[in-house]
Each structure stands twice: as C-alpha cells, then as structure tokens.
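Single-structure report; data block below.
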Amino acid sequence: MSSTGLSLVAAASLCILLFAAIWLLYRLRDHRRRVVVAFVGLWRAAARGSPTLLWYERVRRAVSLGVQWLIAGLLCAALVRDDHEPGADVAHLVVLVDTSASMGTVEGSETRLLTAQRRLVEFLTELDDSTEVLLATADSRVLPRMPWSHDRTALVDAVRALSPRETPSNWRDCLATAATYLDGRSHPRLLLVTDATAADWAALEPEPRLARVPIDAIVAGASRYNLGIVGFSARARPGQHRTADLVITLQNADDRPHEVAIDFSSNAQLVRTTDATLAAHQTKRIHVPMLGLATHALDATLRVLDGARDGFPSDDVAFVVLPEVGKRRVAIVSPGNLYLEAAVLSDGLMEPRLVAPESPLDPSDFDAAIFDAVEPAGPLTLPALFIAPPPQSRYFRQGAELKQVGFDRWKRDNSLLKGLDLYDVQIDRGRQLLLTSDDQGLGYSGNRVILAYGTREQWPVVALGFEPSHSDFVLRPCWPLFVRRILEQLLGRSVAETRTTRPFEGVTLPAPAHSLLATIHGPDGAVRQPLAAGKPWTFVPRRTGLYQISFEQQPILTAANLFSTSESRIAPLRPLVYDGRELRPPQPPRRHASRPRYAYLAAAALFWLLCEWITFHRRWTV
Amino acid sequence: MALGSRLAKLLSGRQPAQPSRLTSDDPNPFGPDFERKLEMLAMLSRRVNSPLFRAERRGKRRGSGVEFADYRDYATGDDFRFIDPNAAMRFDRLLVRLYEEEEDQSLYLLVDTSQSMGHCACRKLDCAKRLAAGLAYLGLLDLSRVTVVALRDGRNLNHPTTRGRGQFLSILRFLRGLEATGTTQLEFAIRRFAREHRRRGIAVLFSDLFDPDGFERGVDALRYERFEPHLVHITDDREPRLDLTGDVVLVDSETGHEAPATVTSALCERWQVLQAELAERAWRHCRTRGLGYYRTEVSCDFDQTIRAWLGQQGLRTT
Chain A
1 MSSTGLSLVA
11 AASLCILLFA
21 AIWLLYRLRD
31 HRRRVVVAFV
41 GLWRAAARGS
51 PTLLWYERVR
61 RAVSLGVQWL
71 IAGLLCAALV
81 RDDHEPGADV
91 AHLVVLVDTS
101 ASMGTVEGSE
111 TRLLTAQRRL
121 VEFLTELDDS
131 TEVLLATADS
141 RVLPRMPWSH
151 DRTALVDAVR
161 ALSPRETPSN
171 WRDCLATAAT
181 YLDGRSHPRL
191 LLVTDATAAD
201 WAALEPEPRL
211 ARVPIDAIVA
221 GASRYNLGIV
231 GFSARARPGQ
241 HRTADLVITL
251 QNADDRPHEV
261 AIDFSSNAQL
271 VRTTDATLAA
281 HQTKRIHVPM
291 LGLATHALDA
301 TLRVLDGARD
311 GFPSDDVAFV
321 VLPEVGKRRV
331 AIVSPGNLYL
341 EAAVLSDGLM
351 EPRLVAPESP
361 LDPSDFDAAI
371 FDAVEPAGPL
381 TLPALFIAPP
391 PQSRYFRQGA
401 ELKQVGFDRW
411 KRDNSLLKGL
421 DLYDVQIDRG
431 RQLLLTSDDQ
441 GLGYSGNRVI
451 LAYGTREQWP
461 VVALGFEPSH
471 SDFVLRPCWP
481 LFVRRILEQL
491 LGRSVAETRT
501 TRPFEGVTLP
511 APAHSLLATI
521 HGPDGAVRQP
531 LAAGKPWTFV
541 PRRTGLYQIS
551 FEQQPILTAA
561 NLFSTSESRI
571 APLRPLVYDG
581 RELRPPQPPR
591 RHASRPRYAY
601 LAAAALFWLL
611 CEWITFHRRW
621 TV
Chain B
623 MALGSRLAKL
633 LSGRQPAQPS
643 RLTSDDPNPF
653 GPDFERKLEM
663 LAMLSRRVNS
673 PLFRAERRGK
683 RRGSGVEFAD
693 YRDYATGDDF
703 RFIDPNAAMR
713 FDRLLVRLYE
723 EEEDQSLYLL
733 VDTSQSMGHC
743 ACRKLDCAKR
753 LAAGLAYLGL
763 LDLSRVTVVA
773 LRDGRNLNHP
783 TTRGRGQFLS
793 ILRFLRGLEA
803 TGTTQLEFAI
813 RRFAREHRRR
823 GIAVLFSDLF
833 DPDGFERGVD
843 ALRYERFEPH
853 LVHITDDREP
863 RLDLTGDVVL
873 VDSETGHEAP
883 ATVTSALCER
893 WQVLQAELAE
903 RAWRHCRTRG
913 LGYYRTEVSC
923 DFDQTIRAWL
933 GQQGLRTT
C-alpha cells in the first residue's frame with residue numbers, strides 16, 4: 001500500500017517550524033499573570049511545604065517542552081510519505097531439501113527423501129497465501145528448484161519431483177546461500193528438510209546472517225546401520241600395465257562389528273575377494289598388492305557377510321581407473337649432483353637423464369628439467385626446477401647472501417609443500433630470491449624468500465635459493481619427496497596414482513581441438529554431448545560409476561565415487577541443534593498483517609498528547 | 623432627631639448633614655438590617671448583663687468609693703476624716719481607711735486597616751467594621767468609654783473617646799470612612815496606640831493577623847501596656863479563588879512583593895491548612911496568656927458572631 005504524504009525534507013522542515021513555534025509559546029508562557037493576594041507570605045509557606053519533589057520542580061518545564069516536541073515530532077514523522085512496500089507484509093520461507101546421498105537411504109519401504117517429501121507437502125498445504133516460498137535442494141551445493149512463489153500446486157509438484165543425488169552434503173555453503181536468499185526479505189524463515197546426519201551438523205559453524213532467522217526442520221530417518229567404501233585408489237606398477245597396488249578404505253557406521261567381503265572386479269570379471277572385520281564405528285584401510293587387471297578399470301563391491309544389506313547402497317560400490325603408466329623424462333642439467341640424481345631416481349616413474357649445462361634441451365625429449373646452479377643454454381622450453389640459480393640468472397634475480405639460515409616459515413597448505421616438515425633444515429649459505437609481481441613465495445628465512453614459485457616464458461618454474469649440498473636438506477627423508485612433489489606439480493598431475501571424481505563435480509578432459517561431439521558411456525547408458533571447439537571440456541558425472549568418454553576414435557576412462565566419510569555415517573542427529581537452537585518441526589506461519597507506519601506514529605502521538613493533557617491539568621508539567 | 627431615625631438615615635446611605643469623611647462612593651459595609659440586628663444585640667446584652675462591657679467595674683485604683691478596701695498608716699496630708707478611730711484605739715496608732723474607687727470601663731476597638739484587610743470582594747475590613755460597630759453599640763449602652771482606633775503603619779486614626787448611646791452615629795460614621803491602606807505593623811501601631819491612650823481598659827483587636835513580623839509581638843505589647851486584650855481573628859477562606867490557578871505571579875497587597883508560583887488545588891489546600899495553623903497558633907498564644915481569642919469568617923453575620931462570643935464568655939444569650 002502506498003499513501004501520499006510529505007517528503008522527508010518537507011516533514012523535517014515542518015518539524016523544525018513546529019519546534020520553533022512550541023519553543024516560542026514555551027517562552028511566552030514564562031510571562032505569568034499577576035494576581036494580588038492578601039498576604040504573599042502564606043502562599044510562599046504553602047509552596048515551600050508542597051510535596052512536589054524539588055528536582056522535579058526544576059525539570060518539569062523542560063519535561064513539558066520535551067513532551068510537546070515529542071508529540072510534534074511524532075506527528076511530523078506520521079506525515080512522512082509511507083514507503084510501505086507491498087511485499088513487506090509477506091513472509092518469506094526458504095525450503096532447503098537435503099538431496100544428498102544419505103537421503104536415498106531406504107528405511108522400511110521408502111527412502112528418507114520420500115518420507116521427508118510427504119511431510120513437507122503436508123506442511124506446504126497448510127501454509128497460508130501470505131507466505132512466499134523458495135524451494136531449493138541442498139547437497140554439495142544449493143540448487144533452486146522453485147523461485148519465490150505463492151503457487152502451492154507448483155510448489156508441491158516441484159517437491160515431489162525431487163530425488164536424491166549421489167553427492168555429499170555441504171551445509172555450511174548451503175546455509176550461507178540460503179541466508180543470501182533471505183537477505184532483505186520481510187519476515188524471513190528457513191525450513192530445513194534433512195536427515196541431519198550427525199557428521200554434517202556436529203562441527204557446523206553458524207551462519208551469522210541466520211542468527212535472527214527462525215529455523216525449523218523436518219528431520220527424516222532413524223537408522224544408523226551402514227557399511228561403505230569411503231576411499232579407493234590404485235597405483236600402477238611401473239612397466240606393468242595391468243598390475244596395480246590397491247588401497248581401499250572401509251567404514252562401519254553401525255554400533256556393532258561386522259564381517260565384510262570386498263569383491264574386486266575388472267571388466268565384469270571377479271579378480272579377487274578380500275574379507276575384513278570392521279569394529280563398531282571403525283574406519284579401516286586395506287592394502288591389496290599386486291593385483292592383476294583385465295583392463296584399466298576396476299570396481300570394488302562391499303558385501304556384508306553377517307547380515308542384510310544396508311539401506312544406503314551408494315557407498316557399497318567404488319570404481320577406479322588406472323592411469324596410463326608411462327615414465328616421465330626429466331633432464332638434470334647439472335655439473336654433477338648425486339643427491340639430486342638419487343632423489344629423482346627414488347621415484348620409479350621418473351626417468352632422469354643428465355645433460356651438460358652448455359647443451360641445449362630439445363623439448364620433445366623431456367617432460368621437465370632441473371637446472372642445478374646453471375642457466376638454460378637457450379630459451380626455456382620446459383617446466384623447470386631451478387636449484388641455486390647463478391647470481392646473474394635471467395629468470396630469478398637474487399638479493400643478499402644468506403649464511404647459516406633455515407626455513408623460518410613456509411606455506412604448509414601449498415600443494416608443493418603439503419606434508420613436508422622443513423623446520424629444522426640447516427642451510428649453510430644461500431641467496432635471497434627477489435620475486436616479480438606474479439611470483440609466489442613459498443619458503444622464507446626471516447622475511448627473505450628462499451623458495452619461490454612462478455611462471456617464466458609461460459612455463460611453471462620453482463626456484464630454490466640455496467644449493468642442497470650446502471645444507472642438511474639432502475640428508476632428510478623429505479628431500480626426495482620434495483623433489484618428486486615439485487616435479488609432479490610441474491608436470492600437472494600425479495604420474496602414478498589414480499584420480500577419481502564425485503558426482504556433480506566436474507573433471508576437465510583434454511578434448512581434441514577438432515572434436516565437436518563426445519559420446520559418454522556410463523551407468524545410465526550412452527549419451528552424446530556437443531563440445532565447444534577449441535575449448536577445454538568439463539565432464540560432470542551425475543551418478544557414481546565408470547564412464548567412458550569417446551572423442552571420435554580416442555576413448556578416455558574416468559570414475560565417479562561418493563567417497564564421503566561424513567555422508568556414510570547416516571545416523572541422524574536428534575535433537576537437531578544449530579547455533580545453540582533446537583530445530584523443531586515447523587508450524588504454519590501466522591499472517592503478518594502489519595499496519596502502515598503512520599498509524600503507529602499517530603497512536604504514539606495521541607498517547608503522549610493524553611499524557612500531556614492529564615499532567616498539564618494536574619499541573620505536573622507546566 | 624431620635625437615634626433610631628438618624629441611624630436609619632445613615633445606614634440607608636444618605637449623606638449626613640455634618641461634615642464627614644464618608645463619601646458617596648463608599649460601599650455600605652453595614653447592610654440594611656444592621657439596625658435591627660443592633661437592637662437585638664442590645665436587648666440580649668441587657669438581659670445577660672454582661673460584665674464584659676459593664677461600665678461599673680471594680681478597678682484596681684483606690685480612691686473615694688463607698689466600699690472598704692484596706693487600711694494604711696496615716697501620712698501627713700491625709701484627710702483625717704478617713705482615720706478609723708476603732709482601729710486607732712485597738713492598735714494604738716493612726717490607720718486610714720481606704721475605699722475602692724469605681725471607674726468607667728474603657729473599651730478600645732482597634733481595627734486593623736492594612737491593605738490585606740481590604741483585599742477581595744468580601745473585605746475583611748467590612749467585617750471588622752460591623753463587628754466593631756456592634757461592640758461599640760453594646761459598650762455605649764453599658765456606659766463604657768468607647769474609643770475606636772484604626773491601626774495604620776504610619777499614623778493611627780482615632781475616634782475620640784465617647785460615652786453614651788448618642789455617640790454611636792459618630793462612631794458609625796468614623797467606621798464607614800475607614801479605608802484599607804498601608805501595611806500591617808501591629809507592634810508598631812499598638813505601641814503607638816498605648817502611648818496615645820493612657821487610660822487602660824479592654825482592647826479588642828480586629829485583624830487578619832497577616833503581619834510579616836508576626837502578630838504575637840503586637841498582642842504582647844498590648845498586654846504589656848496593661849490593657850485587657852481580646853483578639854478577633856478575621857479569616858477569609860475564599861481567598862484561593864477559582865481563577866487563582868496556573869502559573870501566576872503572586873503580588874502582596876501590602877508590600878507589593880512578588881512570588882512566582884504555580885497554583886494548584888493541592889497548593890490551595892495547603893494554603894487552607896496554613897491558615898488554620900495560623901489560627902491555631904493565635905489561639906494557643908492567647909490561651910497561654912489568658913487573652914480572649916475569637917475567630918470569625920468574613921462571611922459570617924456580625925450579630926451571630928457577637929452572640930457566639932458572649933456564649934463563649936459563659937453567658938446565655940438565648
């Protein structure tokens with residue numbers, strides 16, 4: 001409802017005028033009329049003995065003036081144009097339906113999601129028309145399914161169309177997104193429809209924007225019985241294309257121990273079966289060495305030997321695709337460094353070759369290069385690791401000389417250094433590396449960089465500011481790991497380990513530049529998908545399973561797994577507590593029929609006017 | 623001309639033949655039935671034979687009366703006719719008989735004519751005039767020597783001492799001519815009065831007691847000067863009028879002193895309480911000193927008031 005009225009400036013001007021007039025009248029009231037009495041002494045004595053408080057005697061005229069100004073101010077505020085938005089009376093409800101994999105758990109005859117849908121539909125049917133509802137699904141991300149709407153029929157249809165997705169939940173991001181939806185909305189309210197798996201909610205940080213938003217929850221599910229595969233990886237043996245070492249991680253979310261068997265199959269042929277015993281709430285890692293494969297793909301299926309199959313099948317099967325096994329050719333450009341050669345040789349998938357410093361490198365002969373205290377003879381044509389670059393290096397300028405220093409700090413979270421402990425490395429001498437604006441410092445001695453990452457001539461490079469043989473770095477176990485980790489990073493991906501993705505998490509595949517169509521063979525059959533020519537293509541699997549993507553004649557295998565320890569713990573959290581609040585089943589919201597602002601202001605002015613009238617005639621405020 | 627007819631003329635407001643201070647603009651403070659009320663009081667006073675105003679009073683002075691009072695030794699110059707021979711023979715020395723001297727009672731009517739007495743429509747001064755006239759009439763009937771004095775801050779205005787009923791018109795004319803003016807300075811005015819009147823007697827003070835310095839010292843001065851004071855306290859409970867509300871500046875009718883005040887009903891009630899406390903204080907003051915105290919409201923009839931006073935003296939008036 002929009003009503004006419006004064007603008008804010010006009011109302012403020014009127015208010016100032018009224019204030020001035022009231023003040024003038026207030027001053028005029030000081031001119032009291034003169035009344036002759038017989039004996040003023042008696043009146044003085046009466047006034048002195050008045051029970052009126054002395055302090056109030058001093059302030060009551062100011063109080064009177066203040067009350068009159070207040071009334072005038074309220075009336076002027078009531079005259080301001082009411083920008084009462086039509087939607088201000090409408091309540092806004094965001095319904096987040098958990099469609100993570102655990103909602104597909106079958107309990108009784110239906111899934112948790114079906115149970116939740118039924119209860120949600122009942123609630124939505126009772127909802128009055130004054131509430132606008134936004135429906136969204138929440139799993140690894142929030143996906144709006146129905147925009148803000150009053151249409152209950154469409155809303156119910158949208159709810160009934162929901163299905164669980166084989167992806168873990170991410171409530172932290174989902175609640176943040178819901179808070180964004182509710183920002184600036186009148187009478188916000190949030191309804192969560194979830195199975196509230198304890199692992200998701202236990203360590204959830206509260207979203208500050210939801211602190212004042214009422215949150216209700218429809219919690220479905222009761223079972224905690226689930227055994228699943230939460231990790232599965234394979235490492236091919238160098239030179240043995242059909243042989244792999246496997247590591248599989250199992251989790252028992254139940255309160256009782258269970259006997260399980262894992263069937264490994266390749267190309268639909270059972271390769272091996274392994275038995276294991278899982279204690280209550282145990283997560284167990286099993287190593288299976290020297291497994292011969294029929295193809296590059298392998299799947300593992302979990303069977304419970306001592307009971308019925310659990311109701312959450314998504315984590316009972318895992319898939320892995322072995323990478324193409326091929327050695328990486330690394331050029332070691334060095335006058336001679338046994339420590340470096342040994343570090344590269346410690347990885348069986350690395351093929352080091354010594355190159356004289358003055359010899360040019362042919363990029364077709366090598367995948368990466370290590371320049372040990374030398375500069376490339378020609379232009380840089382490979383990803384490279386620079387060790388103790390010379391002082392006049394074209395690629396890394398150097399600063400002050402450092403003596404007897406160490407790694408005071410380093411970026412532990414960087415993928416190059418993750419898991420490496422460089423704290424007590426003693427460096428006898430070295431030089432500070434001066435970074436360009438695009439470089440990134442990784443290791444520091446004081447404030448001086450001694451390990452850096454950057455790009456030179458469009459190739460990724462890493463530079464170490466000291467000769468390892470002038471430190472005890474080479475005597476430590478982390479040295480070969482350091483060299484290998486850097487080479488892997490420079491080469492772009494692991495040369496030996498498998499890498500899988502999750503459903504709805506994209507994986508970038510090297511599509512040929514001239515290909516316009518990809519054929520995807522997956523759990524749901526064959527699907528054709530057009531490609532954008534000349535651009536990288538991101539494949540997003542929608543279910544767990546093995547996928548074979550064909551670009552004309554060249555097929556690529558990839559796998560998608562759930563692999564979520566939290567999602568596999570399907571026990572619901574009861575009661576569901578968030579931000580110190582216990583989330584309860586929702587009640588239909590009351591209609592928010594707010595009156596225009598001027599009504600309240602006028603009522604307040606009337607109230608104060610009444611107070612002034614009463615007190616004036618009792619001479620309390622005169 | 624008989625007194626009754628002359629009195630009737632005066633009370634009807636007609637200008638008297640002889641020179642007078644009365645003016646035609648003066649309101650008549652006595653009213654049309656004043657004469658009738660006076661006569662009624664005269665009849666009542668004769669019947670009760672009030673000693674309060676009886677002239678034949680036994681005085682303290684010794685003199686040539688007929689009633690024996692005492693003996694004293696003979697001194698040279700005494701009239702030897704008063705030597706008691708029996709006493710001389712008995713006590714063997716000359717003793718002179720003393721007799722009580724009878725004298726006329728002096729009645730002083732002191733009217734406070736300060737500005738506060740003339741405040742408001744129902745003026746306390748008019749009430750005082752009516753009461754003074756009534757008492758003067760009774761005093762004259764009892765052959766007392768009646769003197770009316772208007773107390774003023776500067777100079778007291780005296781009506782000459784008169785005796786006999788025939789002088790009442792003169793007193794009445796004097797009273798009618800009094801105007802409220804000046805300030806209340808009871809002590810000063812009373813001491814002045816005492817200096818001017820050496821003959822002691824009953825002194826009746828008509829006042830509202832609105833004296834900034836307090837009424838006590840004035841009354842005490844009257845008593846100190848060996849008068850027999852009676853205090854007639856005239857009050858006006860209607861002074862906190864209906865229009866006297868709100869923020870006002872109260873101006874003293876006598877001194878012109880100002881006091882800003884917010885007059886509320888509570889303040890008026892407080893004023894009434896203080897007025898009652900003032901009367902209570904005056905009554906206690908008089909009672910502890912054996913003085914007469916009478917309080918009258920300005921709107922009361924003077925004859926009823928006088929009859930009530932006589933009743934307070936233990937005399938039946940009905």
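If you're matching them up, the sequences are chains A and B in order. First residue of the first sequence: 1, per this note's numbering; consecutive thereafter. First residue of the second sequence: 623, per this note's numbering; consecutive thereafter. We put the beta carbon where it would ideally sit given N, CA and C, even for glycine.
Among B/701, B/801 and B/702, nearest to residue 736 of chain B - alpha-carbon criterion: B/801
Does residue 627 of chain A have its Cβ less than 9 Å from a Cβ in chain B? No answer is possible for residue 627 of chain A: it lies beyond the span of chain A, which begins at 1 and ends at 622.
What does DSSP give as the partner residue(s) for residue 852 of chain B in the beta ladder? B/826 and B/914
Between the stretch 828-836 of chain B and the stretch 850-864 of chain B, do at least 3 Cβ pairs fall closer than 8 Å? yes
Residue 695 of chain B burial status per 10 Å Cβ neighbour count (16 or more: buried): exposed
Can you name the residues of chain A whose CB is closer than 8 Å to the CB of residue 861 of chain B? 37 and 38
Integer Cβ distance of residue 503 of chain A from residue 541 of chain A, believed to fall under 8 Å: 5 Å
Spatial distance of residue 826 of chain B from residue 789 of chain B (CA atoms): 19 Å
Mark residue 613 of chain A as exposed unless 16 or more other C-beta atoms lie within 10 angstroms of its C-beta, in which case mark it buried. exposed
Please report how far the alpha carbon of residue 608 of chain A lies from the alpha carbon of residue 25 of chain A, in whole angstroms. 18 Å
Tell me the start and end of each unbroken beta strand (DSSP E) in the stretch 796-843 of chain B that is at least 3 residues and wholly inside, in chain order. 824-829
Where do the N-terminal and C-terminal ends of the alpha helix (DSSP H) with residue 482 of chain A fall, by residue? 478-491
Any C-beta of chain A under 9 Å from that of residue 839 of chain B: no
Considering residue 542 of chain A, what are the terminal residues of the alpha helix (DSSP H) in which it resides? Neither: residue 542 of chain A is in no alpha helix (DSSP H) and is coded neither H nor E.
State the beta-bridge partners of residue 305 of chain A as determined by DSSP. Residue 305 of chain A is not bridged to any residue.
Cα separation between residue 580 of chain A and residue 181 of chain A? 22 Å
Residue span of the beta strand (DSSP E) that contains residue 757 of chain B, given as start and end: Residue 757 of chain B -> not in any beta strand (DSSP E); alpha helix (DSSP H) instead, spanning 746-763.
In DSSP terms, what residue 660 of chain A is bridged to: Absent from the structure is residue 660 of chain A, since the part of chain A shown begins at 1 and ends at 622.
Compare the C-alpha of residue 357 of chain A against each of A/365, A/369, A/349 and A/346 and name the closest. A/369
Taking Cβ-Cβ distances shorter than 8 Å, what residues in chain B pair up with residue 606 of chain A? Those do not exist, as residue 606 of chain A stays about 25 Å from chain B at its closest Cβ, beyond 8 Å.
For residue 334 of chain A, which of A/296, A/376 and A/80 has the nearest alpha-carbon? A/376
Chain A beta carbons: is any one of them nearer than 9 Å to that of residue 830 of chain B? yes
Using a beta-carbon distance below 9 Å, is residue 895 of chain B in contact with chain A? yes
Buried or exposed: which applies to residue 259 of chain A, given that a residue is buried once 16 or more other Cβ atoms fall within 10 Å of its Cβ? exposed
Can you pull the chain B neighbours of residue 43 of chain A, defined as C-beta to C-beta under 7 Å? 872, 881, 883 and 893
Below 9 Å between beta carbons: does that hold for residue 575 of chain A and residue 583 of chain A? yes
Once DSSP output is grouped into helix, strand and coil, what is the label at residue 583 of chain A? coil
Taking the alpha carbon of residue 61 of chain A as the reference point, which residue from B/823, B/913 and B/883 has its own alpha carbon closest? B/883
Opposing strand residues paired with residue 350 of chain A [DSSP bridges]: A/328
If we define contact as Cβ-Cβ less than 9 Å, is residue 33 of chain A a contact residue for chain B? yes
So the candidates are B/710, B/769 and B/795; which of them puts its Cα closest to the Cα of residue 732 of chain B? B/769
To which residues of the same chain is residue 476 of chain A closer than 8 Å at the C-beta, ignoring the five residues directly before and after it? 425
With H, G and I counted as helix, E and B as strand and the rest as coil, what does DSSP make of residue 170 of chain A? coil
Closer than 7 Å by beta-carbon distance: list the chain A residues that pair up with residue 834 of chain B, in chain order. 41
Please report whether the beta-carbon of residue 858 of chain B lies at a distance below 9 Å from any beta-carbon of chain A. yes
Contact set for residue 381 of chain A: own chain, Cβ-Cβ below 7 Å, skip 5 residues either direction: 361 and 363
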